[in-house]
Each structure stands twice: as structure tokens, then as C-alpha cells.
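Structure first, commentary second.
There are 2 protein chains.
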Amino acid sequence: MRHRLRSAAGCVAILAALLCAALARAADPLASWNDGAAKKAIVEFVASATRAGGPGFIAPAERIAVFDDDGTLWAEQPVYFQLAFAFDRVRALAPQNPRWKTTEPFASILASDIKSALGGGDKAIAEMVMVTHAGITTDEFAKIVADWLATAKHPRFDRPYTEMVYQPMLELLAYLRASGFKTYIVSGGGVEFMRVFSEKVYGIPPEQVVGSTIETKFELRDGTPVIVREPAIDFIDDKAGKPVAINEFIGRRPVFAFGNSDGDQQMLEWTAADRGARFLGLVHHTDAEREWAYDHPSAVGQLDTALVAGTAKGWTLVDMKKDWKRVFPFEK
Amino acid sequence: MRHRLRSAAGCVAILAALLCAALARAADPLASWNDGAAKKAIVEFVASATRAGGPGFIAPAERIAVFDDDGTLWAEQPVYFQLAFAFDRVRALAPQNPRWKTTEPFASILASDIKSALGGGDKAIAEMVMVTHAGITTDEFAKIVADWLATAKHPRFDRPYTEMVYQPMLELLAYLRASGFKTYIVSGGGVEFMRVFSEKVYGIPPEQVVGSTIETKFELRDGTPVIVREPAIDFIDDKAGKPVAINEFIGRRPVFAFGNSDGDQQMLEWTAADRGARFLGLVHHTDAEREWAYDHPSAVGQLDTALVAGTAKGWTLVDMKKDWKRVFPFEK
Numbered sequence: 120m121r122h123r124l125r126s127a128a129g130c131v132a133i134l135a136a137l138l139c140a141a142l143a144r145a146a147d148p149l150a151s152w153n154d155g156a157a158k159k160a161i162v163e164f165v166a167s168a169t170r171a172g173g174p175g176f177i178a179p180a181e182r183i184a185v186f187d188d189d190g191t192l193w194a195e196q197p198v199y200f201q202l203a204f205a206f207d208r209v210r211a212l213a214p215q216n217p218r219w220k221t222t223e224p225f226a227s228i229l230a231s232d233i234k235s236a237l238g239g240g241d242k243a244i245a246e247m248v249m250v251t252h253a254g255i256t257t258d259e260f261a262k263i264v265a266d267w268l269a270t271a272k273h274p275r276f277d278r279p280y281t282e283m284v285y286q287p288m289l290e291l292l293a294y295l296r297a298s299g300f301k302t303y304i305v306s307g308g309g310v311e312f313m314r315v316f317s318e319k320v321y322g323i324p325p326e327q328v329v330g331s332t333i334e335t336k337f338e339l340r341d342g343t344p345v346i347v348r349e350p351a352i353d354f355i356d357d358k359a360g361k362p363v364a365i366n367e368f369i370g371r372r373p374v375f376a377f378g379n380s381d382g383d384q385q386m387l388e389w390t391a392a393d394r395g396a397r398f399l400g401l402v403h404h405t406d407a408e409r410e411w412a413y414d415h416p417s418a419v420g421q422l423d424t425a426l427v428a429g430t431a432k433g434w435t436l437v438d439m440k441k442d443w444k445r446v447f448p449f450e451k
Numbered sequence: 120m121r122h123r124l125r126s127a128a129g130c131v132a133i134l135a136a137l138l139c140a141a142l143a144r145a146a147d148p149l150a151s152w153n154d155g156a157a158k159k160a161i162v163e164f165v166a167s168a169t170r171a172g173g174p175g176f177i178a179p180a181e182r183i184a185v186f187d188d189d190g191t192l193w194a195e196q197p198v199y200f201q202l203a204f205a206f207d208r209v210r211a212l213a214p215q216n217p218r219w220k221t222t223e224p225f226a227s228i229l230a231s232d233i234k235s236a237l238g239g240g241d242k243a244i245a246e247m248v249m250v251t252h253a254g255i256t257t258d259e260f261a262k263i264v265a266d267w268l269a270t271a272k273h274p275r276f277d278r279p280y281t282e283m284v285y286q287p288m289l290e291l292l293a294y295l296r297a298s299g300f301k302t303y304i305v306s307g308g309g310v311e312f313m314r315v316f317s318e319k320v321y322g323i324p325p326e327q328v329v330g331s332t333i334e335t336k337f338e339l340r341d342g343t344p345v346i347v348r349e350p351a352i353d354f355i356d357d358k359a360g361k362p363v364a365i366n367e368f369i370g371r372r373p374v375f376a377f378g379n380s381d382g383d384q385q386m387l388e389w390t391a392a393d394r395g396a397r398f399l400g401l402v403h404h405t406d407a408e409r410e411w412a413y414d415h416p417s418a419v420g421q422l423d424t425a426l427v428a429g430t431a432k433g434w435t436l437v438d439m440k441k442d443w444k445r446v447f448p449f450e451k
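First to last, the protein sequences are chains Z and C. Using my numbering, read the first sequence as starting at 120 and increasing by one per residue. Using my numbering, read the second sequence as starting at 120 and increasing by one per residue.
Here you go:
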């Protein structure tokens, strides 16, 4: 009888422990992060930032978190996704532009020779961006991007590009917002390209997306006001442009910044260079199997000087292979 | 006895009525607005926008309200307050710039001959803005503005400039925010000038202030990252620039827009030119006694074509003298 009772009590204890563990797992806001230094650093920073009266406390209004997009929130291989959009746009517009068959970089794009197309350097890319991104109103452009996102598929994973986002980073965005942080994208990508999907995919509204811009102009068309996208680059939101854009658009210095490439280095340095608690993070692409492995040299998202700076300054380095239990939401 | 009872009951009824009226007044979020067409239009729009399932319902994420600053949220006479700041700054910097005694527009400013100083037109004003607003870091500039706001007084009212704000508009901002609207400033004023006081004075955080900008540059000074204000205009957020800036910074079309001058006309037209419920408002300065009376011609805040357009299109015209019970918070 005593033995039976003890067993029952033990059984209850075991069940309770299992239940607690299950609840703890369910309640873990960063469930796709493996336990390790990166996850620990995030959780400790947020706990400290939200502990009123503590030494690391950050007032809610100051809880500004900025994220690069390409390679930080979604993938960027084999080419930046906005470039894939531009290539598809060239193909769609080719019938109306017969000259493109013999003009670079268009001829190479139409021949699916992307390496040659990009071989023309910045000038060729700028020319392609102008013909695919300008000469239309902002409303027309948003519709073209939305239509493309609804139909285009990633060449390796055969998934819509908006599914090529990192599950651990989606969890991090939600975790930060639940802790009173305002999450922003600060990306080299075109701002009007990203705003089409940022709210639905990341929970980040258009007004919290900062990016590269082309010139726009207000005009009346048949008496109706429109904003027209002009064929001229206005601002490149990359490298030293990132802190400049943060200052111009947000007007506050962030306390939390996450990137993955040398293009993010100045953003992280600017975030770090003030009094008070700060979190600086870099995603290191180390998983050739589930995603890609690259740092430097790389034509896309090169991570070289920022890795050296981050290592020296103790920034949080996320080793994708080790730190992420799951990479994409569609993984089993 | 019966008489006495009736009296007591009557007394209670009267007291109850008085109490109810007092409570109603206390609960009026627009207490400084007189009952009239303008107040009615605002209240009806907000009620309709927040009535779920109703024909005028606006989803919370789309509740973007934009306000001009000079002449709409605070006064702008006898000169735009940022110009008063620039004049004071010229005076403060004069000892280090002896040449200014004989160079325009500085000589006129130092002689307090504002009319001659402004007579040099846009070029003279631009030159003055450059020497008073550039060549320093963003942090240094913010401190100079804060120090000026803490000490400078308005020449007519002998009050700090941050008290020269309109009580009815402060109530309107709070009322909109309580109804789920996100309130923005979209002003021709310098964005880094306004951000110094916008949160404290209007409850509008820096990231919701859009304005004119000068070029800025990221650089390392003794290893510390700083952002330096360069002597070159980047963008003038006025007239057709306002819808362009709204599109670039906010990335959504507002549903509510308030201005007071021709510089706001395109912002209101852009706000109006889409499906769904919209509120368009113009402050008309009609009160020479409590504030100023001016529309056109006026060197400051001219209201001419926008008044014609607004009248034709049924925008809400606020007649300051009739519609506002109180203009400034410091009024008895």
C-alpha cells in the first residue's frame, strides 16, 4: 500500500515535470533558437532592458530595434531577391523593347546569363533598375511587386520568396515587440519594394521600413494627384548611408541592431556608440545544407570587416548552423 | 411637508443636472473648441472611422493623421520660429565672425533689420540657414536648439516658443491618438529642429516627424561615429514636396490631414485622392486680438489657392476667432 502510494506520488511528480517542460517549450518565444551564447545574449539583454529600476533598463520610447533585411531577415542567395524581381521584369517588358535583344545588360538577362548581366557593374545594374523600377506611379509599382511576389518562386527551394524568411528571426521580431520594442527594417533594398510585404511577412508596418529610394515627383494626371517614380537614384541605404538614414527617418539612435554583412557595419557601430545598454548582432551564414555558407569573398552579402570588428568588440555572432534549430518556416 | 419633499427632490434634480453638465464638459475631449461646423465635422469623422462595421470605418493600421506645424500646431508670426532661432544664432556666432558686420544678410540681422535681412530672398535665407544649422554634429545641433527653446521668448507674448502652441490642436492630437490614430507632423520646418520638442510639446515622437532636411554625413571622429550636418539643402518639405515626403517616410496615404497655408494644399489633395473616408482641415487665422489675422497676401503662411480649393471641395475650414474658445494654453 505504502509502495503503491509512493509510486503514485512519483508518477504525479514525473507527469508534472513533463508538463512543466512542455509548457516551458511552448512558452519559449525563441523556440527555433538552440540554447547557446547567442540566444542567451538576446534573452539577457531583453530581460535587463525591461527590468524597471535595473541598471540595463531602457525606457519604452527608446526601445528602437533595427534589422537589415537581405541575409538577416530573409535569404539573399543566389542573388538579392529584388534583383530576381528586376530580371523577371526585364523578361516581362522585353516584347515591348525589341532593342534589348542586342543591348547589355538586357541581352544577357534575356539569355539567362546572369553573370554577364552583372558583369557590367554598377552602371549596368543602375540602368536595369531604372527601366524596371521607374517611369510608373507608386501605386502601379506596388501592384507589380505584389503580383510578382504572388507568383515567383525561389529557384532552389521552389517556394515563394516571402517564405524564404528565417523562422528564428520572425520569433526574435515578435519577442522584441512583445517586450515593448519598435522593430524597424533598415535595408539597402528599395523601400517601396519591401513595404509591399513587410507588414504581412514580418509584422513591420510600412512606416517602419527604411531603405534605398529613387527620386519621386508629385503631379496631377487628369486632375488626379499621383506620385511618379523617376529614373534617378535618390539615396543608397547601405554602409555609411544606414546611420544617415536612421537619423533622418527615425531620429533616434537604436538600442538594438542586427545585420549580416559589411553593409551593416556602420549601422551597428552607430548603434553602439552611445551610453546605455546596447545589443549588436550579426548573422553568419554557415549552413550550406539548410541554407548557404558564405562570408568572404562573396558577391552577395559579403561579411569580412564587420566580422573582424564584431569579434573584436564582442558583438553577438549567430552561427546559423549551430544556433538555429530551424532556418525556414516551411522546414519540418 | 409635501412641499418640502418636492423641493428637496427638485433640488436633487437640479444638482444632478448641473453635475451631469459639468461631467459632460470635463469629458469633452475637444473642450477648447466652440460648438460649430468644424468641431462637428471632426467628431463625426472620428466616430464614423472607429465604428466597426460602419461605412466610414478605417482599420487601425490605416489611421494615419498628418499635421503641418507652423501656423497649424503652433504660431508662425511675426516670423517662422525657426527663423527667429536662426537670427539668435547669428547674433550668438557674430563675435567669431567679424566679417558679418559688413556682409548681408548678417549685417541686417545684427542691426535687427529683419525686413532687409529677408529682402535678399531665398539665397540669403539659405546662406543664413547654412551657417546657423550646419557644420556641426546632429547631437551638437540638438543641444543648441534645446538651449534656445529653454531661454528664448516670443516678442509679443513674452513666452517660450513652445508655449505658443494651439490648445484646441493639442486636444485634437490627443483625441485622435485616443481613437487609435497615429499622429505625424509633416512640415516645411527642419526635421532635426522640430524633433527636439515634438514629443514633449505635442506627444509626437521623433520618428513621427517629417520635415525639411539638410545633407548629413557619417564619419568617425577620433574613432567615435558621428553624423555631421553639411552645408547643403537635401529636401524642402513644402507644397508638392509634402506628398513626396509622406510617401517616402510613412509609405501609406494618410486619412486625416490638417494644414493652414498654400504650402499644405498638395498634402491635402494627396490625402483626399483615394477611396474611403477622409478628413481635410485648414486653420484660417482670423483672430487679430488673441493671435493674428492673415491669409493673403502674406509673407508668412500665405493662404490663398488652398482656401479656394478647400472651399470648393468642402474641406473643413477652422475660423480661429469663431471656432476656438481658447487659442493658447496660457490664456485664462
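We put the beta carbon where it would ideally sit given N, CA and C, even for glycine.
- The beta carbon of C:Gly-370 sits closer than 7 Å to some beta carbon of chain Z.
- When the alpha-carbon of Z:Arg-314 is set against those of Z:Thr-302, Z:Gln-327 and Z:Gly-307, the nearest one is in Z:Gln-327.
- Comparing alpha carbon positions, the residue from C:Phe-398, C:Thr-343 and C:Asp-393 closest to Z:Ala-391 is C:Thr-343.
- Proximity of C:Glu-349 to chain Z, defined by a Cβ-Cβ separation below 7 Å, is not satisfied.
- At the C-beta level, C:Tyr-303 and C:Val-185 come within 7 Å of one another.
- For C:Gln-385, the nearest CB of chain Z lies under 7 Å from its own CB, placing it at the interface with that chain.
- Annotation for Z:Ser-235: Ser-227 place their beta carbon closer than 7 Å to its own, counting only its chain and skipping 5 residues before and after.
- Between the alpha carbons of Z:Pro-373 and Z:Leu-399 lies a distance of about 10 Å.
- Interface flag for Z:Ala-236 against chain C is unset, since no Cβ pair is found closer than 7 Å.
- Under the Cβ criterion of 7 Å, Z:Thr-335 is counted among the residues facing chain C.
- Using a Cβ distance threshold of 7 Å, C:Phe-337 and C:Ile-323 do not count as a contacting pair.
- Inter-segment contact for the region 148 to 165 of chain Z and the region 259 to 271 of chain Z is absent: fewer than three beta-carbon pairs are separated by less than 8 Å.
- Every alpha helix (DSSP H) stretch that sits fully inside the region 137 to 219 of chain C and reaches 4 residues is listed by chain position as 156 to 168 and 200 to 212.
- Looking only at C:Gly-175, C:Ile-263, C:Gln-385 and C:Asp-414, the smallest Cα-Cα distance to C:Glu-311 is reached by C:Ile-263.
- DSSP, read as helix, strand or coil, puts Z:Trp-389 in helix.
- If you ignore the 5 residues before and after Z:Met-247, its C-beta comes within less than 6 Å of the C-beta of Ala-205 and Pro-224, all in its own chain and listed in chain order.
- By the C-beta density criterion, Z:Pro-274 is exposed, having fewer than 16 other C-beta atoms within 10 angstroms.
- In summary, C:Asn-216 is exposed, with fewer than 16 beta-carbon neighbours lying within 10 Å of its beta-carbon over all protein chains present.
- At a cut-off of 7 Å between C-beta atoms, Z:Ile-304 does not count as an interface residue with respect to chain C.
- Annotation: the region 274 to 357 of chain Z contains the following complete segments of the alpha helix (DSSP H) (minimum length 4 residues), in chain order: 286 to 297, 310 to 313 and 317 to 321.
- Straight through space, the alpha carbons of C:Asn-366 and Z:Asp-393 are spaced by roughly 31 Å.
- Comparing alpha carbon positions, the residue from Z:Ala-178, Z:Arg-348, Z:Phe-375 and Z:Val-446 closest to Z:Thr-405 is Z:Val-446.
- With respect to the C-alpha of C:Pro-416, the residue from C:Gln-385, C:Ser-380 and C:Pro-448 having the closest C-alpha is C:Ser-380.
- Look at Z:Trp-267: its C-beta is not under 7 Å from any C-beta on chain C.
- Under the three-state reduction of DSSP, C:Leu-426 is assigned to helix.
- Across the region 209 to 228 of chain Z, no CB contact with chain C closer than 8 Å is found for any residue.
- Nearest to C:Thr-281 by C-alpha distance, out of C:Tyr-321, C:Asp-423, C:Arg-371 and C:Gly-382, is C:Tyr-321.
- The C-beta separation of C:Val-305 from C:Asp-356 comes to about 7 Å, placing the pair in contact by the 8 Å criterion.
- In the three-state reduction of the DSSP assignment, C:Asp-414 falls in the coil class, being assigned neither a helical nor a strand state.
- Within its own chain, the residues whose Cβ lies closer than 6 Å to the Cβ of C:Met-249, once the five positions on either side in sequence are excluded, are Pro-350, listed in chain order.
- When secondary structure is reduced to three states using DSSP, Z:Thr-270 falls in the helix class.
- Z:Thr-251 is positioned such that its CB atom lies closer than 7 Å to that of Z:Arg-208.
- Identification of residues in the region 230 to 260 of chain Z having a C-beta nearer than 8 Å to some C-beta of chain C yields Thr-257, given in sequence order.
- With 16 or more other CB atoms across the displayed protein chains lying within 10 angstroms of its CB, C:Gly-307 is buried.
- Under a 10 Å Cβ-count criterion, Z:Pro-362 is classified as buried, with 16 or more other Cβ atoms of the shown protein chains found around its own Cβ.
- Within the region 221 to 269 of chain Z, not a single complete beta strand (DSSP E) segment reaches 3 residues in length.
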